Amino acid sequence: MPAPRTGRPRRLRRIALACALAATLAASACNGGSGKPAASGDHAYELTAKTAPGTPIDSFTWSLFAEPASIDYAYAFDYPPNQILANVCESLLRWNPDLTTSPGLASSYTNPTPTSWVYEIRPGVRFHDGTALTADDVVASLRRNLDPEVGSYWAYPYRNVQSVDKSGPMQVTVTLKTPDSTFNKYLAASPGTVESAATLAKAGKDYGNPAKGVNCTGPFAFSSWTAGQSIVLKRFDDYWNPDLKAKSGQVKFVFLPDATTRVNAFQTGEVDGGWMVPANSYGQLRNTPAGKLYFGRNTTVADEVVGNLQGPLGDARVRQALLMAIDRKGIVDAGVGGIGQVANSLVTDDVWAGAPGPVRDDLTKATPAYPYDVAKAKELAAKAGVNGQKIVIATSPLDSQTTIITQAVAQAATAIGLKPQIDTISPEKYSSLFTDPQARKGIDLFLTFWYTSITDPLDMYGSLQTGAFSNYGSWSHPEFDAAVNQALGAPDPAAQSAAAAQAQQIALRELPWLPLYTSPVSVFLGKRITGVQPSIAYLYYPWAAEIGAKS
């Protein structure tokens with residue numbers, strides 16, 4: 280089931296730049312449950328599920344590393360727009376900080392046939408302009424992801440959707456062309472966002488821009504957008520959910536693209552907090568009286584994408600040897616200050632939370648391992664015929680950790696007998712590696728940071744099927760494709776997980792991408808505020824509503 284050209288590729292492009300430009304891998308994956316110490320070498324850190332609850336507060340300020348191009352949910356594929364919209368717009372379902380899913384604007388849903396999902400729309404919900412939520416609004420909002428004129432970045436989750444129809448006064452039915460175990464899960468993220476049909480029709484192509492903003496149902500309403508400076512949200516007093524009614528009267532998001540400037544703003548109290556804390560400031564911010572640094576759950580893995588399978592890396596043994604020769608623990612220590620772990624998979628353990636225990640146990644036992652062993656790597660590479668062949672590693676002068684990763688990979692390539700050439704290109708050209716096959720010509724390896732938007736490994740592995748747009752090296756493995764398709768169409772969670780586990784084993788044996796490491800979400804809270812739940816779910820969950828004053 281290949282992905283369309285509009286969809287995940289855009290997000291990967293943006294993620295690669297966003298993480299780098301933010302000078303952080305704080306969007307990398309975490310290791311497990313809340314309050315659980317984790318270690319990498321001599322570095323230890325703790326994952327926090329919840330900070331202390333806050334009391335009502337007039338306002339607080341929050342840093343963004345970049346100004347959004349739009350806050351239209353159809354194009355919300357990047358950290359800045361998503362963390363704003365998570366507090367303004369809502370989806371049919373909700374992705375919670377513990378990475379579970381619960382009802383949202385749909386009070387309930389059923390799956391009466393393998394190819395149909397029926398959603399009961401929650402009564403008593405109002406948009407920020409005071410109008411009532413209806414089934415017609417849901418239909419109009421979801422259908423935008425199917426409209427080629429809109430060009431939604433979320434077209435991939437809708438690839439198997441045949442129709443979206445009103446099936447009752449407050450009921451919507453989605454009919455699929457073929458069973459898809461991931462579709463309903465995506466409705467807890469941007470693909471499930473609901474906007475007023477009247478607003479969409481009136482705003483047209485201006486929807487989501489600085490002048491028009493958006494009109495949704497969340498705990499905060501769009502107030503103003505000062506280009507180049509800030510976006511202001513104000514509390515929506517008629518919000519339907521008392522448990523998530525905003526404690527702050529206002530949130531001001533300020534655009535601070537320079538990492539040093541952001542850290543200084545934390546220290547001085549110019550801003551009260553921010554996600555994606557620059558990794559090289561962890562030590563500084565862990566010991567400041569200005570506030571506190573927290574780490575939380577994540578679903579991101581830093582990977583080297585094998586973009587050329589026609590060259591020396593076309594032999595899986597060479598890819599395996601290269602991964603064994605990369606000092607991934609050294610990358611974690613030097614690149615993110617030891618706050619992370621070597622990745623043993625292309626997804627984190629958290630995305631397997633819904634799998635039955637036996638499946639998770641089998642994964643632990645059967646997952647191919649590539650411990651750091653240069654001697655063994657050299658031996659394997661020699662058997663594969665490595666003898667001074669050139670490979671090109673693309674990079675961009677984005678931040679220190681990108682440089683650290685690139686140098687480590689090049690060093691490993693040299694160690695196994697390859698001749699690496701580092702190709703440093705501009706950020707703009709680097710981004711095109713994720714969208715333009717011509718830009719990838721002659722590039723053997725390039726770096727990306729992949730997070731899943733749902734708690735399901737198929738969000739990753741479905742993107743490596745034959746013909747998928749984000750399958751950048753055009754890797755093809757019939758057994759892998761069959762396993763993914765079996766997982767998507769399996770009738771129960773146990774069968775889905777078992778098939779997905781089979782796909783993972785194949786991917787880790789063949790290594791179309793080389794997993795490097797994971798590290799937790801990071802967030803800094805200034806001394807005035809508290810209440811946040813550190814988690815990658817901040818991209819879709821109304822985290823700002825829970826922030827209040829310290830008592």
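Plus 279 on top of the position in the sequence shown (first one is 1) and you've got the working numbering. All C-beta atoms, glycine included, are put in the ideal place defined by N, C-alpha and C. The model shown is predicted, which means the values in this text are computed figures rather than measured ones.
8 Å contact criterion, which residue i and residue j should meet: CB distance rounded
i: Ala467; j: Arg405; result: Not really, about 21 Å apart at Cβ, beyond 8 Å.
i: Ala604; j: Ile695; result: 5 Å
i: Leu793; j: Leu601; result: 7 Å
i: Leu795; j: Glu474; result: No, Leu795 and Glu474 are not in contact; Cβ-Cβ is about 38 Å, not under 8 Å.
i: Leu818; j: Asn361; result: 4 Å
i: Phe728; j: Thr505; result: 30 Å between Cβ atoms; not a contact.
i: Arg607; j: Val630; result: That pair is no contact at about 20 Å.
i: Thr831; j: Asn488; result: In the structure as shown, the chain begins at 280 and stops at 830. Residue 831 is therefore absent and cannot be evaluated.
Counterpart residues of residue i in DSSP-defined beta bridges
i: Tyr730; result: Thr579
i: Tyr388; result: Tyr398
i: Ile701; result: Ile672
i: Phe534; result: Leu343
i: Trp554; result: Val802
i: Arg514; result: Phe499
i: Glu369; result: Val473
i: Phe574; result: Leu326 and Ser801
i: Pro509; result: It should be noted that the sequence gives Ser, not Pro, for residue 509. DSSP lists Thr505 and Val533 as partners of Ser509.
i: Val585; result: Leu724
i: Thr334; result: Ala828
i: Ala411; result: Arg405
Cβ-based neighbour list, residue i, same chain, cut-off 8 Å, excluding 5 preceding and 5 following
i: Pro635; result: Pro772, Ala773 and Ser776
i: Leu523; result: Pro498, Pro821, Ala824 and Glu825
i: Leu479; result: Ala419, Ser420, Arg423 and Tyr486
i: Thr685; result: Ile672, Thr674, Ile701 and Leu726
i: Ala838; result: Only positions 280 to 830 of the chain appear in the structure, and residue 838 is not among them; the question remains open.
i: Lys456; result: Thr394, Asn439, Val440 and Gln441
N- and C-terminal bounds of the beta strand (DSSP E) containing residue i
i: Gln812; result: Run containing Gln812: none; DSSP gives neither H nor E here.
i: Leu523; result: No beta strand (DSSP E) contains Leu523, which DSSP labels as neither H nor E.
i: Thr505; result: Phe499 to Thr505
i: Leu372; result: Leu372 to Trp374
i: Leu793; result: Trp792 to Thr797
i: Val443; result: Val440 to Gly447
i: Thr454; result: Gln450 to Leu455
Range of the contiguous alpha helix (DSSP H) that encloses residue i
i: Phe462; result: Phe462 to Tyr465
i: Val615; result: Element bounds for Val615: n/a, residue is neither H nor E.
i: Thr478; result: Ala476 to Ala482
i: Pro359; result: Tyr358 to Leu364
i: Pro706; result: Pro706 to Ser711
i: Thr380; result: First-last for Thr380: Thr380 to Pro382, but that is the beta strand (DSSP E), not the alpha helix (DSSP H).
i: Phe406; result: First-last for Phe406: undefined, no H or E at that position.
i: Val493; result: Val493 -> no alpha helix (DSSP H), and no H or E assigned at all.
i: Ser679; result: Ser679 to Ala694
i: Pro647; result: Neither: Pro647 is in no alpha helix (DSSP H) and is coded neither H nor E.
i: Tyr561; result: Tyr561 to Arg565
i: Val763; result: Pro757 to Gly768
i: Ile350; result: Segment: none, Ile350 is in no alpha helix (DSSP H) and carries neither H nor E.
Close Cβ partners of residue i (< 7 Å) along its chain, the five nearest in sequence each way excluded
i: Ala780; result: Val638, Asp641 and Leu642
i: Arg719; result: Gly586, Leu712 and Tyr751
i: Ala245; result: Absent from the structure is residue 245, since the part of the chain shown begins at 280 and ends at 830.
i: Thr285; result: Residue placement at Thr285 is flagged as unreliable, the pLDDT there being 28, under the threshold of 50; the coordinate-derived value follows with that caveat. Contacts found: Gly430, Ser431, Tyr432 and Ala434.
i: Val811; result: Thr330, Val802, Leu804, Trp822, Glu825 and Ile826
i: Ala769; result: Ser460, Gln775 and Ala778
i: Ala856; result: Nothing in the structure corresponds to residue 856, since the chain is present only between 280 and 830.
i: Thr567; result: Gln546
i: Lys669; result: Lys698 and Gln700
Close Cβ partners of residue i (< 6 Å) along its chain, the five nearest in sequence each way excluded
i: Glu346; result: Phe534
i: Ala482; result: Lys491
i: Thr334; result: Gly827, Ala828 and Ser830
i: Ile722; result: Gly586, Val671 and Ala673
i: Lys657; result: Ile695
i: Tyr398; result: Leu371, Ala385, Tyr388 and Val451
i: Lys513; result: Ala500, Ser502 and Gln529
i: Lys464; result: Ile733 and Asp735
i: Asn494; result: Phe406, His407, Asp408, Ser475 and Thr478
Check: residue i C-beta below 7 Å from any heavy atom of the ligand PLP
i: Arg422; result: Absence of the ligand PLP is noted for the structure shown, with no ligands found whatsoever.
Cβ of residue i within 8 Å of any chain D Cβ
i: Ala490; result: Among the chains of the structure shown, chain D does not appear; only one protein chain is present.
Meets three-Cβ-pair contact criterion under 8 Å: the region 447-455 and the region 389-398: yes
The region 359-370 touching the region 491-499, judged by at least three CB pairs closer than 8 Å: yes
Sufficient close CB pairs (3 or more, under 8 Å) joining the region 520-540 to the region 330-340: yes
Validate contact between the region 551-570 and the region 800-813 using beta carbons, cut 8 Å, 3 pairs: yes
At least 3 beta-carbon pairs within less than 8 Å: the region 669-689 vs the region 610-622: yes
Three CB pairs or more closer than 8 Å across the region 761-771 and the region 730-748: yes
Segment contact flag, the region 439-448 with the region 414-426, C-beta cutoff 8 Å, min 3 pairs: yes
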